[in-house]
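As numbered in our numbering, residues 3 to 207 make up the sequence shown, in order. The beta-carbon is built from N, C-alpha and C at its ideal position, and this holds for glycine as well. The block underneath contains the structure these notes are about, expressed in structure tokens.
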Amino acid sequence: MESDEKPNCKGEDKLNNKTEKKQKQKTFNIKWAIRAFILSFIVAALMSVVSEGVSSGNVNIWLAVMVLCIFIFIGLVFDVLGVSVAAANCTPFNSMATKKVKGAKTALWLTTRADTVSSFCNDVIGDVANVLSGTMSAVIAAEISYILNSNTFITMILVTSIISAITVSIKALGKNFAIKRNNDIVFFFAKIICLIVPEKVFRKK
């Protein structure tokens, strides 16, 4: 006599769930790649306007140095935030959010979306700032070469190498600090964000 019982499909259900998760992840990755492209384009365009404005015509070397420092600072800040968010633990922010501590909801929002936030900070803002820092370094090197009437090639190598070494060293220190004080840094940035954007925006998941 044949049994009317249906075969156990738990294994099949698990396989289907895994497949669905992979498809959702793939869709998310594609969407994020498109968003990252658009954001990178916009940020690069805005920063390039500043860079082009400084480097066109008669270059004021001190203004160029100031813009370079701003680009390096922007890259450093977003690199530190990106590393901090990726390394942070959301548990303390959960506890703080239940006590209605200002900035906790925003910090929780950042840490629960660590992959996206970190990618935006490091891969979009950070990389664009690095590229434009390199451009400004070349502009400064060319201007120094013109002022000193020195060999352009040698001056370019020396100036860009020095600026690159300083930038890398500063960012290395910043990332090391971000790993050690990740939660404090995330909460600090969360409170700054709350001054610009109402925290109720971050209460919806």
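Proximity of residue i and residue j at Cβ, strictly below 8 Å
i, j, result
"Asn107", "Ala99", "According to the sequence as given, residue 107 is Lys; it is not Asn. In this structure, Ala99 lies closer than 8 Å to Lys107 by Cβ."
"Ser147", "Thr162", "no"
"Val45", "Val130", "yes"
"Ser120", "Val87", "yes"
"Ile149", "Val67", "no"
"Met49", "Leu160", "no"
"Val126", "Leu197", "no"
Inter-residue Cα distance where the pair is residue i and residue j
i, j, result
"Phe73", "Ala192", "22 Å"
"Lys182", "Trp64", "35 Å"
"Phe122", "Val61", "32 Å"
"Val203", "Lys102", "15 Å"
"Ala38", "Asn151", "42 Å"
"Phe179", "Thr93", "20 Å"
"Lys8", "Thr113", "Caution applies to Lys8, whose pLDDT of 49 falls short of 50 and renders its modelled position unreliable; the model cannot decide the point."
"Ala167", "Val188", "27 Å"
"Gly176", "Asn132", "15 Å"
"Ala174", "Asn124", "13 Å"
"Phe155", "Ala144", "9 Å"
"Thr118", "Ala35", "10 Å"
"Met138", "Phe75", "14 Å"
"Cys71", "Val82", "16 Å"
"Ala140", "Phe95", "44 Å"
"Val190", "Ile172", "This sequence places Phe at residue 190; Val is not what is there. Those two C-alpha atoms are separated by around 20 Å."
"Val199", "Asp186", "20 Å"
"Val51", "Lys104", "36 Å"
"Ile165", "Ser97", "43 Å"
Distance between beta carbons of residue j and residue i, contact taken as under 8 Å
i, j, result
"Asn184", "Ala109", "The Cβ separation is near 11 Å, so there is no contact."
"Gly136", "Gly77", "That belief does not hold up - the Cβ atoms of Gly136 and Gly77 are roughly 11 Å apart, past 8 Å."
*At 4 residues or longer, and completely inside the stretch 24 to 105: list those alpha helix (DSSP H) runs for me, N to C.*
63 to 89 and 93 to 100
*Identify every run of the beta strand (DSSP E) within the stretch 146 to 187, keeping only runs that are complete inside it and at least 3 residues long; order them along the chain.*
none
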